Each structure stands twice: as structure tokens, then as C-alpha cells.
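Structure record follows, encoded as C-alpha cells.
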Amino acid sequence: MSATQIQSPRSGGAKVGSNRIAPQYRRTGGSKGNFEMLAWLFMRLSGVVLVVLIFGHLTVNLLVGEGIHAIDFGFVAGKWADPFWQVWDLAMLWLAMLHGTNGVRTIINDYAEKDATRLWLKIVLYAATTVIIILGTMVIFTFDPCPVVNGVQLPGGFCPSP
Amino acid sequence: MTAELAEPASKIELPAHIGGGGDIPSFDVHLRVRRYNPEVSDESTWDDFHVTMYGTDRVLDALHKIKWEIDGSVSFRRSCAHGVCGSDAMRINGRNRLACKTLLKDLDTSKPITVEPIKGLPVEKDLIVDMEPFFQSFREVMPFLINRGHEPTKERLQSAEDRERFDDTTKCILCAACTSSCPVFWTDGQYFGPAAIVNAHRFIFDSRDDAGDMRLEILNDKEGVWRCRTTFNCTEACPRGIQVTQAIAEVKQAILSRKI
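Chains A and B supply the protein sequences, listed in that same order.
All you need for our numbering is the position in the first sequence, starting with 1, plus 1358.
All you need for our numbering is the position in the second sequence, starting with 1, plus 1387.
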């Protein structure tokens, strides 16, 4: 003989209360690892460094010397001939891209309601980021102001004649 | 034998010249209450009520008047009605507050006062929401004292300074005003929410508790403290004046200093 079992209204399932909670509110259980913490930390640190890099960039390009009137192809070519500015611009490119990507990633996490939407938006975001970072890095390191194609100098007023 | 019993003072009609605190001003209030009844319709609707209330009345009194005198089907939770039990958190004029702590005279009575259920939790009827998802994350942070040392013969002693460290977060009454004001919680309900973090903070910074590391590990989750965007909605919504966003920031710092 078994006593009649009366289920208490909030029990059931492996987890207390889980069968009472609508599926969209049920917590899916978190993920281990420190990724979110590192992402949070990176946002703060890269933000501080970017303030220095970007204001340095703007000052040197727009204010120092002849200021905004000095900017042309030759000015950029001159800057990238110097390893100091190559490293400066490279750091700015990578930090700004990763900082921005992480920001958009959190916005997608906050605003996308469906997992599929979230996935697709992130695929587009990461693809765009990868292309821009690789392209930018290649430009900084392989930039040649006086390219010679098939032995012919491409037009450019400031290049020394061969 | 008949004895002349003195009436209680409150029942004696006071002569006019004695006077009290003066007449309490009365005014007409227009309340727009969000109604939802799943047995009738899946859609929520607004119901309008006009009641005459007094300067000492709160939104809860207006809801009582509506329920008791106009429409008995209006449903809402309330228990103590004095801002202690945390049952009657609702969205009043777009802000999360306790109906029992919001005086009508402090609101703009020239316009309709909107009363809605708190957002982000499933509505069961009218102003009543299912609090179970809220308590789910509350339970996950283990909001109870865990002490691995020997049990003392008397109470567990603590210095006044150690007690002060987490004093602010002991004030929580679990009304869910903060969690249901958080835009990150509204998205998918996966974020732990401010209330769970506040209650974890209460034990993480308690010198008598030994499970702080476990709680910090739980809150280092993908849906943990790092989803906080410091919009301060929770701090603004808290009827107990807890500095919720600051408490979350302190938990973030505790996780960082433990990991790095």
C-alpha cells in the first residue's frame, strides 16, 4: 500500500521550480571561463590607450606644423616610412577594431532576442572585422609610395626618377 | 447594572474649535491600469478609473478603492502595505516603484497615472507577475551563510566595521523593482539581474561567510556581472535606496582582484 502523493505546487523536475518557469525564462546554465571578464577588462584598457593614440594621431596630422593643409599622399607616405608611425597606426587599427567589435558584440547580445539572429549578426560582424584588420595590417607593412610595375614607374610627382 | 463606558478618544466627535491637523485636501485622480486576463483574452488592455483620493493616500490606496468599490476583478499583490514585504512593486508612470510607498500627491495628478505590471517577467493577471524566474537566479547565488569553521557556542561575532562593509545590501526586500527595470534582463531573462547580485554581495563581503569565492565564480558567468551596462536603472528603481550599481561594480572588482 502506498500513501497518496500530493505534489507540492512548486516542485518537479531536477531543479526546484523549473517546471513552473516558462521555457524562455529558464536559465540555460552558464559557461565556464573568463572570456566575459577579459572582454570587459580589454574594453577599459584599450579605451584608455586609444584616447592617447587617437588624440596623438589627430594632433600630429591636423595641428602640428602646417596642420590640415599638409595632408596629402606624400604626407602619409612620409609617415609610414618611419617604423614609429607604422607601429602607432598598427596599434590604433587593432585596438580600435577590437574595441569596436567587442562593443557591437555586446550590443548584439543585449538586443538580439533570438539565438539565430544573434549568430548571424555575429558572423557578419566577425567577418567584417577580420577583413578590415588583415587588409589594414597588409597596407601598413607593404605600403610602397613609388611602386614600379613592369619596370615602369607609376605616376607620382614626388618620387625620385629611377 | 449598566456602567457608563468611556468611548475611545478616536470615536468622540471633536468640537470644531479644537481642530486636528487641518482638513486633508482631496483631489480627483485618473488611474490607467494595465489589465490582462488570460481567460478572456491574450491581449492586455488599459482600464481607466476615476477616484477621489486624499493627500495622504498612496497609489496602493487608490488601487484598494478601485478594487473594493468599483471593480473587484482588479488583481494585484500586496501584503504589509508599508514598504517592508516587497509584494507590490509595479510600474507607476513608467517607473518601477512600490505602490505602498508612492504618494499620489507626489505624482502629476493633472494627467492620468499609469499603473502596469513590472516588465520582463511573465504576467499572470493584471498587475501580478510570475516571480519564479526572478527567484531562480536569486537561488543560484546561494543567499545564505556558509561557514566552514567550528560552530561558536554563542553568536558569530563581527566588528562594526566588518558589518558596515555590506550594510547597504542587507536592505533588499526582493521586490524585483531593480531586476525588472534592467534593460539587459528584459532581452531574454538570462542575466542574473541586479537583485541576485545584491544578495550575493551581501554574503561575499560578510567576514563571517566562507563561500565568497564560490559566489564570485558563479557571477563570473557569461550571464553574470559582466552583462551589467551601468545604466543605473536599478539604483533609481530601488525602493530601499540601495546603491545597486555600486554593489555590482564592487562584485566586478572582487572578481578581477581575485583572478589577476
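Using N, Cα and C, we set each Cβ at its ideal position, and we do this for glycine too.
Predicted, not measured: the structure shown is a model, and the values here were computed from it.
Taking a Cβ-Cβ cut-off of 8 Å, Ser1404 of chain A has no neighbours in chain B, whose nearest Cβ is about 16 Å from it. Between the segment 1405-1422 of chain A and the segment 1467-1481 of chain A there are fewer than three inter-stretch CB-CB distances shorter than 8 Å, so the stretches are not counted as touching. Judged by DSSP in its simplified three-state form, Met1450 of chain A adopts helix. The continuous alpha helix (DSSP H) containing Glu1604 of chain B extends over residues 1599-1606. Using a CB distance below 8 Å, no part of the segment 1425-1453 of chain A faces chain B. Restricted to the segment 1438-1507 of chain B, the beta strand (DSSP E) segments that are unbroken, complete and at least 3 residues in length are 1476-1479, 1482-1485, 1500-1503, listed in chain order. Annotation: Phe1414 of chain B is outside any alpha helix (DSSP H); the continuous beta strand (DSSP E) that includes it extends over 1413-1422. At a Cβ-Cβ threshold of 8 Å, Val1510 of chain B and Ala1587 of chain B do not count as neighbours. Ranked by Cα distance from Val1585 of chain B, the first of B:Glu1519, B:Asp1444, B:Leu1606, B:His1469 is B:Leu1606.
Not a single C-beta of chain B is nearer than 8 Å to the C-beta of Tyr1484 of chain A. For Ser1568 of chain B, the closest Cβ of chain A is not nearer than 8 Å. Between Phe1531 of chain B and the set B:Glu1551, B:Val1427, B:Asp1593, the nearest pair of CA atoms involves B:Asp1593.
About 7 Å separates the Cβ atoms of Val1420 of chain B and Phe1436 of chain B, confirming a contact at the 8 Å cut-off. Bounds of the beta strand (DSSP E) holding Glu1511 of chain B are 1510-1512. Linking Gly1628 of chain B to Thr1622 of chain B through their CA atoms gives a straight-line distance of about 7 Å. Rounded to the nearest angstrom, the gap between the Cα atoms of Cys1625 of chain B and Gly1423 of chain A is 55 Å. For Leu1603 of chain B, no Cβ of chain A is located within less than 8 Å of the residue's own Cβ. Note that the C-beta distance between Ile1647 of chain B and Ala1598 of chain B is not below 8 Å. Classified as buried, Gly1507 of chain B has 16 or more neighbouring CB atoms from the shown chains inside 10 Å of its CB. A contact between stretches requires three or more CB pairs, one per stretch, nearer than 8 Å, and the segment 1487-1497 of chain B meets this requirement with the segment 1445-1465 of chain B.
The alpha-carbon of Glu1430 of chain B is positioned some 48 Å away from that of Glu1551 of chain B. Think of a sphere of 9 Å around the beta carbon of Thr1574 of chain B: the chain A residues whose beta carbon falls inside it are Asn1467, Asp1468, Tyr1469, Ala1470, Glu1471, in chain order. Under the DSSP assignment, Asn1392 of chain A falls outside any alpha helix (DSSP H); it carries neither an H nor an E label. Neighbours of Thr1386 of chain A in chain B, taken as residues whose beta carbon is under 7 Å from its own, are Gln1577 in chain order. At least one CB of chain A lies nearer than 8 Å to the CB of Ser1524 of chain B. Along the segment 1532-1561 of chain B, there is no position whose C-beta sits under 8 Å from a C-beta of chain A. Taking a contact to require three or more Cβ pairs closer than 8 Å, the segment 1451-1462 of chain B and the segment 1533-1545 of chain B do not qualify as touching. Sequence-distant Cβ neighbours of Trp1573 of chain B in its own chain, meaning closer than 7 Å and more than five residues away, are Lys1506, Gly1507. With a 10 Å radius around the Cβ and a threshold of 16 neighbouring Cβ atoms, Asn1508 of chain A comes out exposed. The C-alpha of Ser1567 of chain B lies about 9 Å from the C-alpha of Arg1478 of chain B. Leaving aside the five residues that flank Lys1558 of chain B on each side, the residues in its chain whose CB is nearer than 8 Å to its CB run, in chain order, Arg1627, Gly1628, Ile1629. Contact annotation: the segment 1405-1413 of chain A does not touch the segment 1473-1484 of chain A, with fewer than three C-beta pairs closer than 8 Å. Counting along the chain, Glu1623 of chain B sits inside the alpha helix (DSSP H) bounded by residues 1620-1624. In summary, Cys1565 of chain B is buried, with 16 or more beta-carbon neighbours lying within 10 Å of its beta-carbon over all protein chains present.
In the DSSP assignment, Asn1586 of chain B falls within the alpha helix (DSSP H) that extends over 1581-1591.
For the options B:Ser1524, B:Ala1449, B:Glu1527, the alpha carbon positioned closest to that of Pro1499 of chain B is the one of B:Ala1449.
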